[in-house]
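Enquirer:
Chains as they are written, first to last, in the numbering used here: chain A, 1 to 305; chain B, 306 to 591.
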C-alpha cells in the first residue's frame with residue numbers, strides 16, 4: 001500500500017473518532033449549554049474499559065501489574081465500555097450539574113486530571129504507565145488491511161452519531177433543551193425540570209464519547225495514560241468553537257481541517273529532536289492563538305451561556 | 306507523630322504558596338467575574354524569567370526575581386486588556402473558554418523559548434534549620450513570610466485605599482459603580498495589575514520551592530481551582546484557611562498514600578465542597 005493511501009486512511013480514522021467526540025460535545029455545549037472540560041476522561045474510560053475487559057489474565061513473564069483481565073467478547077466489551085462511560089459521567093456530573101455552568105467546567109476538568117493520574121497510579125487495574133499493549137482487534141484475521149476495517153467502523157460510528165444527534169435535536173426533546181437555554185424559568189414554569197434534561201444530555205453524550213474511545217484503542221492496540229491528556233479535550237473544543245457550536249456539519253469540517261493540518265505538520269521532514277520539539281511548541285501556541293481569535297470575532301449564538 | 310509534624314510544616318509552606326497563587330486568581334474572579342484558567346501561566350512566566358536571569362544571565366537573584374514579577378505584570382495586564390476585556394460582554398463562559406486558549410499561547414511561547422525539561426533555579430546553599438521535630442529550609446520560611454506580607458498588603462490596598470475601594474465596588478456591581486461616578490475602567494486596570502503582580506510573586510516562590518517544568522503552570526491550576534472553590538466568594542481570610550487546609554492536607558496525605566495520589570486530595574476536596582458546601586467556607590451567594 002502506498003504511503004499516501006496509508007496517510008489518507010489514518011486521517012479518515014482520526015476524523016471518524018474525533019468527529020464523534022466533537023459532535024457529542026457539540027450536543028452538550030451547543031444544545032444543552034454544558035461546559036465539559038474533561039471530555040478526554042470519558043474517551044479514556046471507554047478505551048481502558050475495553051482494554052481491561054478484553055485482556056487476558058496477567059502474565060508473570062510480561063511483568064504485568066494488573067490483576068484482572070476478563071477475556072470478554074469484544075462486542076460485549078464495547079457496549080459495556082459505553083455504559084461505563086455513562087456511569088462515570090453520572091459520578092462526575094452529578095455533584096456539579098446542580099450548580100452554575102462554570103462549576104461543571106471545573107469538576108469535569110478536575111475529574112479528567114485525576115483520572116489520568118489514577119491511570120498511572122492504580123496499577124492493579126490499569127497496569128500503570130505501561131498500560132495495555134496488544135489490545136484485541138476483532139476480525140483481525142478476516143481482512144488483509146485491518147486499518148481499512150477500522151476506517152469503515154470509525155466512519156460508521158460517526159455517521160450514526162451524526163444521525164442520532166441531528167434527529168434528537170429536531171425532536172421535541174431537542175426543542176425542550178433549546179428552550180431551557182433560551183428561558184430556563186419559562187421551561188420550569190411549564191412543568192419540566194431543566195436539571196433533569198441537562199443531566200440526560202450530559203450522560204447521553206458520554207456514551208458516544210466512550211465508544212469513540214473504544215475505536216481509538218482497537219486501532220492503536222495500545223492504552224497508555226500519556227495518550228489521554230487534556231490536549232485531546234481542548235483539541236475537540238477548538239474544533240467545536242471554530243465550527244460554531246450547534247452546527248454539526250461545520251464542526252465536522254473544522255475537526256477535519258485541524259486533523260489534516262496536524263498530520264501535515266507531523267509529516268514535515270525535521271532533522272533534530274529539538275526542531276520537532278520547537279515545531280510542537282509553535283503548534284501549541286498557534287492553536288491557542290486561533291482559539292482566542294475565533295472566540296473574539298465570532299459572536300456566539302444568543303442564549304449560549 | 307514527628308513525621309506528621311514535619312509534613313504539616315512543609316504543608317504550611319505549600320499553603321503559603323497556594324495562598325499567593327490563588328489570591329490573584331480570586332481577585333480576577335471577583336472583579337472580572339470569570340475563572341481565569343491562564344492565571345497559573347502568569348506564575349510560569351515569572352518563574353522562567355527568574356530562572357533565565359538568575360541561571361543563564363547570572364544576575365543577582367533579587368533582581369532576577371523582581372524582573373520575573375514585572376514580566377508577569379506585563380503579561381497579565383496585556384492579556385487582560387487585549388484578550389479578556391473585549392469579550393467581557395459575551396459572558397463568563399466565553400471568557401473561561403478563551404482563557405484556555407491563553408494557556409496554550411503562553412505555554413507554547415514558554416516552550417519555544419526554553420524547550421522541554423526540568424529547570425532548577427540555583428540559589429546560595431543554606432543549611433536546613435532544625436526546630437524541634439521539624440527540619441525546614443530558610444527558603445521555605447521566606448516563602449511563608451513573603452506570603453504573609455503579600456496577603457496583608459493586598460488586604461490593605463483593597464480596604465484602605467481609594468483605588469482599593471473602587472476595585473471592591475467594581476467587583477460588586479460594575480454598572481451601578483460606573484453610574485455613581487466610580488472609575489471602573491481604572492479599577493479594572495488596577496485589578497489586572499494587582500492580580501498579576503501577586504501571581505508574579507507566587508511564580509518566584511514556585512521557582513524557589515522546586516524544579517520547574519513547562520507543565521508546571523498546568524499542574525498548579527487544578528490546585529488553585531480547588532483552593533478558590535473551597536474558599537468560595539469570601540474574604541481573604543476564607544482564602545487563607547482554604548489554602549492552608551489544602552496545602553497541609555496534600556502533604557500530610559503522604560503518610561498514608563503514595564505521592565501520585567496527592568492530586569486526588571485536592572480533587573476530593575473539590576467534590577466534597579460541591580456536595581456539602583456549594584458556596585465554599587464563606588457561604589456567600591452571588
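The C-beta atom is built at its ideal place from N, Cα and C for all residues, glycine as well.
Beta strand (DSSP E) containing residue 435 of chain B: first to last residue?
Expert: Sequence index remark: in the second chain, residue 435 of chain B carries index 130 (1-based). Start and end: 434-436.
Enquirer: Which residues in the same chain as residue 22 of chain A place their Cβ atom closer than 6 Å to its Cβ, once the five residues preceding and following it in sequence are excluded?
Expert: Stepping through the first chain from its first residue, residue 22 of chain A is reached at position 22. Excluding sequence neighbours, residue 22 of chain A sits near 236, 239, 240, 251 and 255.
Enquirer: Taking the beta strand (DSSP E) that residue 441 of chain B falls in, what are its first and last residues?
Expert: Within the second chain, the letter at position 136 stands for residue 441 of chain B. Where residue 441 of chain B is concerned, the enclosing beta strand (DSSP E) stretches over 439-441.
Enquirer: In whole angstroms, give me the CA-to-CA distance for residue 167 of chain A and residue 511 of chain B.
Expert: Indexing the first chain from 1 puts residue 167 of chain A at position 167. Indexing the second chain from 1 puts residue 511 of chain B at position 206. Looking at the two C-alpha atoms, the distance is approximately 51 Å.
Enquirer: Please report the residue range of the alpha helix (DSSP H) in which residue 306 of chain B lies.
Expert: Locating residue 306 of chain B in the second chain gives position 1, counting from the first residue. Neither: residue 306 of chain B is in no alpha helix (DSSP H) and is coded neither H nor E.
Enquirer: Note down, one range per segment and in chain order, each alpha helix (DSSP H) of at least 4 residues found wholly within the segment 203-276 of chain A.
Expert: You should have 230-243 and 248-266.
Enquirer: Taking Cβ-Cβ distances shorter than 7 Å, what residues in chain A pair up with residue 559 of chain B?
Expert: As a working note, residue 559 of chain B is residue 254 in the second chain. Here the premise fails: no neighbours, minimum Cβ distance about 13 Å.
Enquirer: Listed in chain order, which residues of the segment 393-405 of chain B have Cβ atoms closer than 7 Å to some Cβ of chain A?
Expert: Per Cβ criterion, the list reads 395, 396, 397, 398, 399, 401, 402, 403 and 405.
Enquirer: Let me know the alpha helix (DSSP H) ranges lying completely inside the segment 467-504 of chain B, each 4 residues or longer, listed in chain order.
Expert: Complete alpha helix (DSSP H) runs here, min 4: 467-477 and 479-484.
Enquirer: Going straight from the alpha carbon of residue 388 of chain B to that of residue 63 of chain A, what length do you get?
Expert: Residue 388 of chain B sits at position 83 when you count from the first residue of the second chain. Residue 63 of chain A sits at position 63 when you count from the first residue of the first chain. Going by the C-alpha atoms only, they are around 50 Å apart.
Enquirer: Determine the contact status of residue 98 of chain A and residue 195 of chain A, defining contact as a CB-CB distance below 8 Å.
Expert: Taking the first residue of the first chain as 1, we reach residue 98 of chain A at position 98. Taking the first residue of the first chain as 1, we reach residue 195 of chain A at position 195. Yes, the pair counts as a contact, with Cβ atoms nearer than the cut-off.
Enquirer: So residue 53 of chain A packs on residue 75 of chain A, CB below 8 Å; how close in whole Å?
Expert: Against the first chain, residue 53 of chain A aligns to sequence position 53. Against the first chain, residue 75 of chain A aligns to sequence position 75. Going by Cβ atoms, the distance from residue 53 of chain A to residue 75 of chain A rounds to 11 Å, so no, they are not a contact pair.
Enquirer: Taking beta-carbon pairs under 8 Å, can you tell me which members of the segment 101-132 of chain A lie near chain B?
Expert: Here the close residues are 101, 102, 103, 105, 106, 107, 109, 110, 111, 113, 114, 117, 118, 120 and 121.
Enquirer: Are the C-beta atoms of residue 302 of chain A and some chain B residue less than 8 Å apart?
Expert: As a position in the first chain, residue 302 of chain A is number 302, starting the count at 1. Interpretation of residue 302 of chain A is limited by its pLDDT of 42, a score under 50 that renders its predicted location unreliable; the figure taken from the coordinates is listed afterwards. Output row for residue 302 of chain A: interface = no.
Enquirer: For residue 55 of chain A, which option in A:294, A:135, A:149 and A:92 has the closest C-alpha, if you only look at C-alpha atoms?
Expert: As a working mapping, residue 55 of chain A is identified with position 55 in the first chain. The shortest Cα separation from residue 55 of chain A among A:294, A:135, A:149 and A:92 belongs to A:135.
Enquirer: Who are the Cβ neighbours of residue 201 of chain A in its own chain at under 7 Å, not counting the five residues just before and after it?
Expert: For the purposes of this step, residue 201 of chain A is identified with residue 201 of the first chain, where counting begins at 1. So the qualifying residues of the chain are 27, 28, 31, 32, 34 and 177.
Enquirer: Looking at C-alpha atoms only, which residue of B:379, B:361 and B:425 is the closest neighbour of residue 515 of chain B?
Expert: Position 210 of the second chain, counted from the start, is the residue given in the question as residue 515 of chain B. Answer by Cα proximity: B:425.
Enquirer: Given that a residue counts as buried once 16 or more other Cβ atoms are within 10 Å of its Cβ, and exposed if not, what is residue 574 of chain B?
Expert: Against the second chain, residue 574 of chain B aligns to sequence position 269. Result: buried.
Enquirer: Alpha carbon to alpha carbon, how far is residue 183 of chain A from residue 301 of chain A? Give it in angstroms, no decimals.
Expert: Against the first chain, residue 301 of chain A aligns to sequence position 301. Against the first chain, residue 183 of chain A aligns to sequence position 183. Any reading at residue 301 of chain A must be qualified, since the residue scores a pLDDT of 49, below 50, and its modelled position is unreliable; the value itself is stated next. Roughly 14 Å between the two C-alpha positions.
Enquirer: Taking Cβ-Cβ distances below 9 Å as the criterion, which residues of the segment 487-511 of chain B are in contact with chain A?
Expert: Within the segment 487-511 of chain B, no residue qualifies.
Enquirer: Given a cut-off of 8 Å on the beta-carbon distance, is the pair residue 548 of chain B and residue 320 of chain B in contact?
Expert: The residue labelled residue 548 of chain B in the question sits at position 243 within the second chain. The residue labelled residue 320 of chain B in the question sits at position 15 within the second chain. Contact: yes.
Enquirer: Just curious, the alpha helix (DSSP H) that residue 49 of chain A is in, first and last residue?
Expert: Locating residue 49 of chain A in the first chain gives position 49, where the first residue counts as 1. Taken as a continuous stretch (DSSP letters only), the alpha helix (DSSP H) holding residue 49 of chain A covers 39-54.
Enquirer: Would you verify that the beta carbon of residue 421 of chain B is, or is not, closer than 8 Å to some beta carbon of chain A?
Expert: Stepping through the second chain from its first residue, residue 421 of chain B is reached at position 116. Output row for residue 421 of chain B: interface = yes.
Enquirer: Going by beta carbon distance, what residues of the same chain come within less than 6 Å of residue 82 of chain A, once the five residues before and after it are set aside?
Expert: Start at 1 with the first residue of the first chain, and residue 82 of chain A comes out as number 82. So the qualifying residues of the chain are 207, 210 and 211.
Enquirer: In chain order, what residues of the same chain lie with their CB nearer than 7 Å to the CB of residue 283 of chain A, ignoring the 5 residues before and after it?
Expert: For this step, residue 283 of chain A is matched to residue 283 along the first chain. Counting only Cβ-Cβ distances below 7 Å, and skipping sequence neighbours, we find 265.
Enquirer: Suppose the cutoff is 6 Å on Cβ atoms and the five residues either side in sequence are ignored; what does the same chain contact list for residue 370 of chain B look like?
Expert: Numbered from its first residue, the second chain carries residue 370 of chain B at position 65. 355 and 509, listed in sequence order.
Enquirer: Assuming residue 346 of chain B is part of the alpha helix (DSSP H), what are its boundary residues?
Expert: Counting from 1 along the second chain, the entry for residue 346 of chain B is found at position 41. 344-356 is the span of the alpha helix (DSSP H), which, as asked, contains residue 346 of chain B.
Enquirer: Along the segment 561-586 of chain B, what residues have a CB closer than 7 Å to any CB found in chain A?
Expert: Listed in sequence order: 563, 565, 566, 568, 569, 572, 575, 576, 579, 580 and 583.
Enquirer: List, in chain order, every chain A residue whose beta-carbon is nearer than 7 Å to that of residue 412 of chain B.
Expert: Here residue 412 of chain B refers to the residue found at position 107 of the second chain. Under the 7 Å cutoff, chain A gives 284.
Enquirer: Based on the DSSP output, what are the partners of residue 518 of chain B in its beta bridges?
Expert: Here residue 518 of chain B refers to the residue found at position 213 when the second chain is read from its first residue. Paired residues: B:423.
Enquirer: What does a CB cutoff of less than 6 Å around residue 385 of chain B pick up in its chain, not counting 5 residues either side in sequence?
Expert: As a first step, residue 385 of chain B is located in the second chain; it is residue number 80 there, counting from the start. Same-chain partners within the cutoff: 497.
Enquirer: Spatial neighbours of residue 539 of chain B within its chain, please: CB distance less than 7 Å, with the 5 preceding and 5 following residues excluded, ordered by chain position.
Expert: What you label residue 539 of chain B is simply residue 234 of the second chain in a count that begins at 1. Cβ within range, chain order: 585, 586, 587 and 589.
Enquirer: Taking the straight line between their C-alpha atoms, what separation do you get for residue 129 of chain A and residue 186 of chain A?
Expert: Position 129 of the first chain, counted from the first residue, corresponds to residue 129 of chain A. Position 186 of the first chain, counted from the first residue, corresponds to residue 186 of chain A. For residue 129 of chain A and residue 186 of chain A, the distance between alpha carbons rounds to 50 Å.
Enquirer: Would residue 203 of chain A count as contacting chain B if we go by Cβ distances under 8 Å?
Expert: In the first chain, counting from the first residue as 1, residue 203 of chain A sits at position 203. It does not; no Cβ of chain B falls within 8 Å.
Enquirer: How big is the Cα-Cα spacing for residue 67 of chain A and residue 132 of chain A?
Expert: Start at 1 with the first residue of the first chain, and residue 67 of chain A comes out as number 67. Start at 1 with the first residue of the first chain, and residue 132 of chain A comes out as number 132. Taking the straight line joining both Cα atoms gives about 12 Å.
Enquirer: Restricting to Cα atoms, I'd like to know which of A:218, A:288, A:277 and A:214 is closest to residue 40 of chain A.
Expert: Stepping through the first chain from its first residue, residue 40 of chain A is reached at position 40. That would be A:214, whose Cα lies nearest to the Cα of residue 40 of chain A.
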